[in-house]
Amino acid sequence: MRHRPRWALLSFGALIVLALFTFPTWRTLFMRPEQGVPFPLTSAERRELLVRMPNREMAATMYFSSLTAQPVPTEQQPAAVPPDAQIILTTRFSELDALRSARGSVTFYRLIDDTVLLRFDDFEVTNAPQLAVYLSSSEAPQSVQELGGIVPEFPVGELRGTVGSQQFTIPRELRLERYRSVVIVSESLQLIYGVARLR
Numbered sequence: 023m024r025h026r027p028r029w030a031l032l033s034f035g036a037l038i039v040l041a042l043f044t045f046p047t048w049r050t051l052f053m054r055p056e057q058g059v060p061f062p063l064t065s066a067e068r069r070e071l072l073v074r075m076p077n078r079e080m081a082a083t084m085y086f087s088s089l090t091a092q093p094v095p096t097e098q099q100p101a102a103v104p105p106d107a108q109i110i111l112t113t114r115f116s117e118l119d120a121l122r123s124a125r126g127s128v129t130f131y132r133l134i135d136d137t138v139l140l141r142f143d144d145f146e147v148t149n150a151p152q153l154a155v156y157l158s159s160s161e162a163p164q165s166v167q168e169l170g171g172i173v174p175e176f177p178v179g180e181l182r183g184t185v186g187s188q189q190f191t192i193p194r195e196l197r198l199e200r201y202r203s204v205v206i207v208s209e210s211l212q213l214i215y216g217v218a219r220l221r
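As numbered in the working numbering, residues 23 to 221 make up the sequence shown, in order.
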């Protein structure tokens with residue numbers, strides 16, 4: 023008779039330990055459906071990619087950044103291209119994956135005074151911290167480390183927004199034929215968000 027309280031106490035302790043170890047499995051029974059889903063305000067495809075990322079902090083930054091767009095401020099929107107500007111090259115951004123994509127046309131213009139303009143029209147990119155534009159000698163870089171191939175990458179400038187037309191001036195002495203792509207990079211995340219091939 024004296025051993026029954028001990029066995030009851032040991033059994034109760036074992037149940038508590040078992041409940042704690044199996045908590046991740048049974049806790050969803052007591053949650054509302056939306057509470058059990060990580061990254062709830064995104065598509066299933068994006069959610070799956072975010073959940074698989076080994077760096078949880080980076081996944082959270084990518085998720086929360088992507089929820090808002092940043093239109094180009096009115097005062098920073100480019101003027102119309104002069105009618106006498108010569109088109110050097112036109113291409114388009116292509117989508118990388120469900121988490122990182124850029125859309126829109128990319129056009130290089132040469133003005134009468136030999137100034138070269140790089141212009142994005144109908145442009146949109148997934149929002150991320152510190153987005154910047156680079157020219158790369160790699161045709162389709164998959165990582166920031168691949169930006170500089172034979173020729174070092176050229177930093178064009180910071181994006182003025184994630185939605186809307188933008189224009190950048192390229193130095194006259196820069197030899198465009200040495201570059202094979204225009205690349206959008208999140209400098210703080212060290213990730214590529216868009217690539218437009220120039221060949």
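Just so you know, even glycine gets a beta-carbon here, dropped at the ideal spot from N, CA and C.
The model shown is predicted, which means the values in this text are computed figures rather than measured ones.
Judged by beta-carbon spacing, Gln98 lies within the 9 Å limit of Gln188, meaning their Cβ atoms are closer than that value. Using a C-beta cut-off of 8 Å, the region 132-149 makes contact with the region 178-196, since at least three inter-stretch Cβ pairs fall below that distance. No Cβ-Cβ contact shorter than 9 Å links Val138 with Arg182. Annotation: Thr129 is outside any alpha helix (DSSP H); the continuous beta strand (DSSP E) that includes it extends over Ala124 to Arg132.
Note on geometry: alpha-carbon atoms of Ile109 and Asp136 lie some 12 Å from one another.
Exposure of Thr191 is indicated by the presence of fewer than 16 other C-beta atoms within 10 angstroms of its C-beta.
Its chain contains Ser87, Ser88, Thr90, Ala91, Gln92 and Thr184 as the residues whose beta carbon lies nearer than 7 Å to that of Asn149, once the 5 sequence neighbours on both sides are disregarded; these appear in chain order. Around the CB of Ser165, fewer than 16 other CB atoms lie within 10 Å, so the residue is classed as exposed.
Runs of the beta strand (DSSP E) lying entirely within the region 123-195 and spanning at least 3 residues, in chain order: 124-132, 138-147, 153-158, 176-180 and 188-192.
Residue pairing by DSSP puts Arg114 in a beta bridge opposite Ser127. For Leu213, the uninterrupted beta strand (DSSP E) segment begins and ends at Leu213 to Arg219. For Asp106, the closest alpha carbon among the candidates Thr44, Ser127 and Tyr131 is that of Tyr131.
In this structure Phe115 is buried. Its beta-carbon is surrounded by 16 or more other beta-carbon atoms within 10 angstroms. Contact between the region 66-86 and the region 195-203 is absent: fewer than 3 CB-CB pairs across the two stretches fall below 8 Å. Boundaries of the alpha helix (DSSP H) around Ser88: Arg78 to Ser88. In this structure Ile206 is in contact with Val147, their Cβ atoms being roughly 6 Å apart against a cut-off of 8 Å.
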